[in-house]
Structure formats: structure tokens, C-alpha cells
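Residue numbers (this note's numbering): 1490 to 2108. Where is the CB? At the ideal position from N, CA and C, for every residue including glycine. Here the structure is a predicted model, which is why all the values come from computation and not from measurement. Data block below; observations after.
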């Protein structure tokens, strides 16, 4: 028997089921062929009618629900002493539940069941196995895949307006109808092992959610969003004009307004939230719940009213709070204090700490542990401070969410973008406000900022000089790493833009203001496409000429701690350019360089036949 069609027989309340697995796609229950044929005949004669309740239970003409179509299966002649399903170890039962997809990969909407009942039910038997390209792309349910799965894998996708975010298979809710014993077993693990979401937009408020105390007592992960913006589905990214949701193309004009405590709508929403919070707080145990609360408010008073019901909750395992659609320090402080109190880790401030009285070495060490320093926990894009048009570019501008705060990966609670607080957020938020405290604090901050970070300049060299002049006098000597990036357009128009003269001015400025013996420079030249999409080798001569200009200008620096070239084309020239600048006696020089084997074997590595060592020497 092959691995793709392994069969597990399970006895549930005297009936025999077969669980047919299909690799990583899980297991689907297989009913006796007689029942399936009977259902097919009824469907063909029009005797089988669609029913919303049947759909909610996961029933279909191919997979009838036991509640509406009890099967008269043949009695099994088994040993009375045979071990039943419930006698299996707990971890074994959980593994079987995972095979039948009782544990949802995506969060479950409690007040919008269409997000998981819409998805098609897999056909039993050989039709269950999908084409191999589904395995390759890791898609589930439909060929478009699931938004949550894309987000978890670090990618993103757009969702048509009429398509739910979750495109995974339906939940096997029919397991709740097998027997009372199985019901109790399935019920507890279903609500404790899955993540649940309540979004009140266009859902009739908390009155439309009927959750018994027994259900509330088993919840371990819950996200509550009292108002949704810019769309009703919880997506948080809009196009540049802010009028349309970037994910589902929904117009932002139909979204919920921020909560205002003085309005009638705000009072109604708060009353419903207080009643629900009281029920939830009385049902859960300490250290059980991971709660995310999102409610965008207009002012501090409204934020206090939203957070007040959290005071009656027992200690939570995790509490994430968001109170604003953009960063607001006062709302951020409210969210931070409420979150830490809910997790039992809040400490009252004893007074103003005399930070400036500490020795300078201790002050710098403390500042290095703030977001001024370069920590390994940051992603690579956050560790590089990119400068464009004389401004610090937001490091995560393309993907402003770290996706590490909640299980939804959609409802963003990152502090740099919103008035929110989460202990799991990895986004970098540099505290530039420290420069306004005092002159001494500003000096300490500048030293840590320059010595701990690498500044990437993606702009005209003259603009870079203008940016560097804004630093206080004498602070640039603390800089340890900088990166100069040249894009395709700059390389193509190198002579027309006069970049050799501009780069010479920048290098002279660096020579006069930086501590060269402790400075490392990285030069990134985006030239791969320029060299790859040409007809002949001679057409790439202009790339070589740009390399010569850059090497000759950088040779004006008498000494450097290190220099590195990241070339797109003629990669093999990198070690030669480094040697021409540092000298062959420099401890960081190596003729072989640190070039991976796959790069050495690529078409972009070979050194051009017209290379001459004298071309890299300074004039």
C-alpha cells in the first residue's frame, strides 16, 4: 500500500470510517460506496435539496451529514474487547483530528461563517488527490490559494471582492454528531486548538454572536475588532491615495469610523463590548487566553473607555492592543500599559531615573539595547537605514507589518504604523525623540546611531553630502559602515549626469569628516540586467568603464578598515577592485574574495577580456 493512499480504520460509535490521506493535503472521511451512490441517484433525480444547515455541517450530495441521512451500515463483527477510538492516547486522537482538518491552519471567523463554509468539499475516493502543481505551490482548496497561507509564507496576494480570505477546505463539523462521547472530545480540542476572530463590521454587533460559557471557557486565541478600516474584512493596506483597500479593492468610504465616546453609535458599541467582556472574563482561567483587541478611537477618553473592561480579566498569556490608525504617542502609552497589566508584567514607575548621572559607558550600553542599536532580531531590511531624497526611508515601507503579533497576519498591530502595542512585534521604531531631551542625550544618541547602524545612500552623491552636513559637527567620526548604491539608470547615464565628479566630491567629504581607519564601505552596483540583456560583449563596455571610475575615485581614500563590492555584472572584478583600493598588504584583502560557488559559475562572473590592472589605478 503506497504512502499516498494509506488507510486508517477508526471505530466511532459502532460505525466504521476510512480516513484516506493524500500526502500533506490531510485526510478526508470516506463513506461506504452504497451511501455515495444513493446520494448521487437522489441528486440526479432532483430529490436532494440544498440546505444551509447541511452546508454548515459540511454536508453535500457526495458527503451526506449523519444528522439528516443516517447510514444503515452493516454491523461490524468485532471483538467486544476491541479498543475503541476514545481509548487511543490523547496525542494519537489529536493527530487523527489534524488529519481530518479539525485544526484550522487559518483563523476562524465566528460571526462570518462563509469564510470556511464557502470552500468546496473534496470528493471522496480518487478524486481527492489534486494535481501535482498544487503540491508545488502549496495551495489549498482552490487554485488561487489562501491569503492567510500566503501571508504566513512571507508573501502577499490580492483577493477578489467576492472571494473570502480563507480558501481552505470546510471544517469537519460532522464529527460533533457521531456520539456524545466523541462530541465532548472534539468540542474541547476544536475551540482550544484553533484561532478565532470576531469582526463586528456589518455583523449586527455582539448580539449576533451566541457563544455559551462552555465555549468561552475553552477558547485560547481570540481576536476582537470593534471597527474595521480601510475595509470591512480587516485588511490594513491601502493604495497611495487611501481610497481603496490594496488587498480586496474595497472602497474605504464604506469602512467603520473611529469610535467616539460622545456619539450614540460609540455608546452602543461600548455597551455591547462591556457585556461580552464580562461574560468572557468570567469564563476563562488565568494564563489561558491570547487576546487581541483592535478598536480605532478618536481621542484618549474613548481609548480609556474601550480598555476599561480589560481590568476584570484574569491574567492573560498574551494581550495585543491597538487604539489608532496611525501612530499616536498618548494612545500608544494607553495600549502599552493596558497590555502589560493584562499580562501581569506592568511595573509602576517609581520616579524619574537620573540617567545622565550614569557613567558614559553605561549610558551608551543602555542606548545600544534600544532600537537605536543594531540587533540580530531585526530583519535584514530593518537593519539597513536607507536614505532617499535626503530623508530616512521607512525600512519596511513595502511590507509595513512584521506579521508576528497575531495569528491572523492581517489585522496589523505594529507600533511604528499604528497606536498599538505587542510584545511580539519585531518592527523597528527608532526613538529619534531622545535627541530633544538634552544636549548630552543628543550626543549619546548620535554616537550610538552612527556606530551601530549602516546607512545606505540611494541618491545623488551631492544629495548625500547635503544629508551628511546636517549631522552635528564632529559626530560623523562615529560612523562605522556606509553603503553607496547605484541603480541602472545612474549607470546608463553615468557620463551625462557627471557622476564621476559628484562621487569625487562625496569621497573628499568622507575623507575630511569620517574616521577612515574604522570605516567600512559597501558599494552596490545594480548592473545585472544591463549586462544580461545585450547582443554582444562589447555592448557591456560602459559597465566596465563605470567600475573603473568608481575604483579610481575610491582610491583617493588613503586608508579604510574594509571595502566590499556587490556587483551585478562582471562579478569577478570585485576582488580586483578591492585590492586596487586597499592594497595587497591589507589584512582584509583576498584575491579569491568571498564569492559563492554558484556565483562563480554564473554568466555574470567572468572578467572581461579587455581588463587591465592599470585601469583601476587612481589618476
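Name, in chain order, the residues that DSSP records as bridge partners for residue 1813. For residue 1813, which the question treats as bridged, DSSP gives the partners 1908.
Confirm, please, whether the CB-CB distance from residue 2013 to residue 1999 is below 9 Å. no
Quick check on DSSP: helix, strand or coil for residue 1975? strand
Can you name, in chain order, every residue of its own chain whose Cβ lies under 8 Å from the Cβ of residue 1433, other than the five neighbours on each side? What is shown of the chain runs 1490 to 2108, which leaves residue 1433 out entirely.
As an exercise, report each continuous beta strand (DSSP E) stretch of at least 3 residues that is fully enclosed by the stretch 1919-1989, in chain order. You should have 1943-1946 and 1970-1975.
Since residue 2036 contacts residue 2059 with CB under 8 Å, what's their CB separation in whole angstroms? 7 Å
Helix, strand or coil for residue 2095 per DSSP? Coil at residue 2095, not helix or strand.
Assign residue 1684 to one of two classes, buried (16 or more other C-beta atoms within 10 Å of its C-beta) or exposed (fewer than that). When all chains shown are included, residue 1684 counts as buried.
Could you pull out every unbroken beta strand (DSSP E) segment of at least 3 residues lying fully inside the stretch 1649-1700, listed in chain order? Those beta strand (DSSP E) runs which fall completely within the stretch 1649-1700 and span 3+ residues are 1685-1688.
Following the continuous alpha helix (DSSP H) through residue 1899, name the residue where it begins and the one where it ends. For residue 1899, no alpha helix (DSSP H) encloses it, and the DSSP letter there is neither H nor E.
Looking at the structure shown, is residue 2051 part of a helix, part of a strand, or coil, going by DSSP? strand
Minimum C-alpha distance to residue 2098 - residue among 1645, 2062, 2067 and 2066: 2062
For the pair the stretch 1766-1777 and the stretch 1733-1749, tell me if three or more CB-CB distances fall below 8 Å. no
Residue 1815 to residue 1954, Cα distance in whole Å? Pairing residue 1815 with residue 1954, the inter-Cα distance amounts to about 32 Å.
What do you get for residue 2020, buried or exposed, if any count of 16 or more other CB atoms within 10 angstroms of its CB means buried? buried
Decide yes or no for the touch test of the stretch 1942-1952 against the stretch 1871-1879: beta carbon pairs closer than 8 Å, at least 3 of them. A contact exists between the stretch 1942-1952 and the stretch 1871-1879.
Do the stretch 1800-1816 and the stretch 1901-1912 touch if we need at least three Cβ pairs shorter than 8 Å? yes
Relative to the C-alpha of residue 1918, which candidate in 1882, 1933, 1932 and 1936 has its C-alpha closest? 1882
Is residue 1707 near residue 1681, with beta carbons less than 9 Å apart? For residue 1707 and residue 1681, yes; Cβs fall inside 9 Å.
Report all residues from its chain with a CB closer than 6 Å to the CB of residue 1540; omit the five preceding and five following residues, and keep chain order. Unreliable positioning characterises residue 1540 in this predicted model, as indicated by a pLDDT of 43, which lies under 50. A coordinate reading is not provided.
Three-pair Cβ contact test at 8 Å for the stretch 1850-1859 versus the stretch 1924-1936: yes
Measuring alpha carbon to alpha carbon, tell me which residue in 1928, 1781, 1723 and 1699 is nearest residue 1831. When 1928, 1781, 1723 and 1699 are compared, the shortest CA-CA separation from residue 1831 is found for 1781.
Using alpha carbons as the reference points, say which of 1654, 1789 and 1676 lies closest to residue 1723. 1654
Cβ neighbour criterion (16 or more within 10 Å) applied to residue 2106: exposed
Give me the Cα-Cα distance between residue 1798 and residue 1827, rounded to the nearest whole angstrom. 10 Å
In this structure, does DSSP put residue 2035 in helix, strand or coil? Under the three-state reduction of DSSP output, residue 2035 falls in the helix class.
Residue 1750 in three-state terms, based on DSSP: coil
For the beta strand (DSSP E) holding residue 2014, just list the boundary residues, first then last. 2009-2014
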